[in-house]
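J.:
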Amino acid sequence: MDGNSDILIIGGGMAGLSAAHALAHSGCRIIVLDKGRGPGGRMATRRVGAEGETLRFDHGAQYFTARDPAFREVVAAWEQAGAAARWPAAGKDAWVGTPGMNGCVKALAEGLDVRWGVRADGLRREGALWHVAAGDESFTASTVLVAVPAEQAAVLLFDASPELAALAASVESAPCWAVMATFDSALPLADCFRSDSAPVSWAARNSAKPGRGGGEAWVIHASPARSRQLVDRPKEEAAQAVLADFFAATGIGPVQPAHLDAHRWLYALPQALKGEGARFDPALQIGVAGDWLHSPRVEGAWLSGRALAQAVILAP
Ligand SMILES: Cc1cc2nc3c(=O)[nH]c(=O)nc-3n(C[C@H](O)[C@H](O)[C@H](O)COP(=O)(O)OP(=O)(O)OC[C@H]3O[C@@H](n4cnc5c(N)ncnc54)[C@H](O)[C@@H]3O)c2cc1C
Numbered sequence: 572m573d574g575n576s577d578i579l580i581i582g583g584g585m586a587g588l589s590a591a592h593a594l595a596h597s598g599c600r601i602i603v604l605d606k607g608r609g610p611g612g613r614m615a616t617r618r619v620g621a622e623g624e625t626l627r628f629d630h631g632a633q634y635f636t637a638r639d640p641a642f643r644e645v646v647a648a649w650e651q652a653g654a655a656a657r658w659p660a661a662g663k664d665a666w667v668g669t670p671g672m673n674g675c676v677k678a679l680a681e682g683l684d685v686r687w688g689v690r691a692d693g694l695r696r697e698g699a700l701w702h703v704a705a706g707d708e709s710f711t712a713s714t715v716l717v718a719v720p721a722e723q724a725a726v727l728l729f730d731a732s733p734e735l736a737a738l739a740a741s742v743e744s745a746p747c748w749a750v751m752a753t754f755d756s757a758l759p760l761a762d763c764f765r766s767d768s769a770p771v772s773w774a775a776r777n778s779a780k781p782g783r784g785g786g787e788a789w790v791i792h793a794s795p796a797r798s799r800q801l802v803d804r805p806k807e808e809a810a811q812a813v814l815a816d817f818f819a820a821t822g823i824g825p826v827q828p829a830h831l832d833a834h835r836w837l838y839a840l841p842q843a844l845k846g847e848g849a850r851f852d853p854a855l856q857i858g859v860a861g862d863w864l865h866s867p868r869v870e871g872a873w874l875s876g877r878a879l880a881q882a883v884i885l886a887p
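Just so you know, the sequence shown maps onto residues 572 to 887 in my numbering.
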């Protein structure tokens, strides 16, 4: 497949695809690379086969809000297309992707040239072109936009743009252990549990989100402090520990799960830089976007991607 484009975007999460979408009508040829097997990034949906049934867990972002007028329009279009729905259990302005959280990312990716399962390893500038190595493949573009978590951007940009790499390196993200559990019968709890002080910061009945259905399925997030404590533990051990925390925090007696798994998000929630939005270097034709440049939320990532696209369009 041809690897030449005008603009190469590394990272096809909400920020990268928002940038790609905003640039799609500029007449430029755009390629997006994402190391994930499919759309989602931190809005991922995990599919699990259990007892002849396919279960879907939103193990990253749980819901999102839409306050910016432009983002509200996009969310309304997703709703029309069946890619998002309101979830009142989480709040009056809460939305989720449908049929899984990654539904919105899938909708954004439609019609774009996204290469899933391709991880960018290094960037090199020769003359007026960027060369991006990605395993056995290589890509060439006049402009490169990097839309990956801050810590990963710092590594990727180290040689290509020390200035942007230093900006990314100034951001620290909190980890999050996400536990996915199913139970044979309904737990005696409301659909959402939140806490600022418990070792469990959030738990939700995933099966109660719009368009999911299926048996009793829960996603439980350990707090940043608890996630740091457990960060190097094997996932089986972390899953048991966070499940025990969940029963203790909610006050219900322990119940044996039918299915139990865990995922460690190393860079779950960044301490975002205030007032940045995005950064573009017109001399080198390289820029960065991501929630870490705006706010650690789905909407922040979308706004950051759009801000980067605007900076590219307006650049001298
Ligand atoms: C556990 C958890 C809970 C959350 N809860 C909420 C919530 O309730 N509400 C809310 O609004 N937000 C929530 N968030 C935050 C929200 O998910 C993020 O702010 C948003 O999805 C970030 O989008 P992004 O595009 O900036 O980054 P990402 O979604 O991380 O996308 C970056 C993409 O880059 C790809 N990538 C990385 N390195 C490379 C490489 N070298 N080459 C190619 N591709 C690469 C990754 O595969 C990924 O798809 C949560 C996040 C987590 C992890």
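The beta-carbon is built from N, C-alpha and C at its ideal position, and this holds for glycine as well.
1. Are the beta-carbon atoms belonging to Leu814 and Pro828 less than 8 Å from one another?
2. What does Val667 pair with, by DSSP beta-bridge criteria?
3. Identify the residues that DSSP records as bridge partners of Asn673: which are they?
4. Heavy atom of ligand 1 less than 7 Å from the Cβ of His702, yes or no?
5. Take Asp852 as the anchor and find which of Leu728, Ala819, His792, Asn673 has the nearest alpha-carbon.
6. Using 10 angstroms around the beta-carbon of Gln633, count the other beta-carbons present and answer buried if the total reaches 16, otherwise exposed.
7. CA-CA distance, Leu889 and Arg695?
8. When the Cα atoms are used, what is the spatial distance from Arg835 to Glu807?
9. With DSSP run on the structure shown, which of helix, strand or coil describes Glu847?
10. Is Ala691 near ligand 1 - that is, is its Cβ less than 7 Å away from at least one heavy atom of it?
11. Which term fits Leu594, buried or exposed, when burial requires 16 or more other beta carbons within 10 angstroms of its beta carbon?
12. Going by other Cβ atoms of all chains shown within 10 Å of its Cβ, with 16 needed for buried, is Ala783 buried or exposed?
13. Any heavy atom of ligand 1 inside 7 Å of the beta-carbon of His592?
T.: Short version:
1. yes
2. Ala656
3. None, per the DSSP bridge assignment.
4. no
5. When each option's Cα is compared against that of Asp852, the closest is Leu728.
6. buried
7. Residue 889 falls outside the range modelled here, since the chain spans only 572 to 887, and no answer is possible.
8. 11 Å
9. coil
10. Yes - ligand 1 has a heavy atom lying nearer than 7 Å to the Cβ of Ala691.
11. Sixteen is the threshold: when 16 or more other Cβ atoms of the shown chains lie within 10 Å of the Cβ of Leu594, as they do, the residue is buried.
12. The residue you asked about is not Ala; residue 783 is Arg in the sequence shown. So Arg783 counts as buried.
13. no
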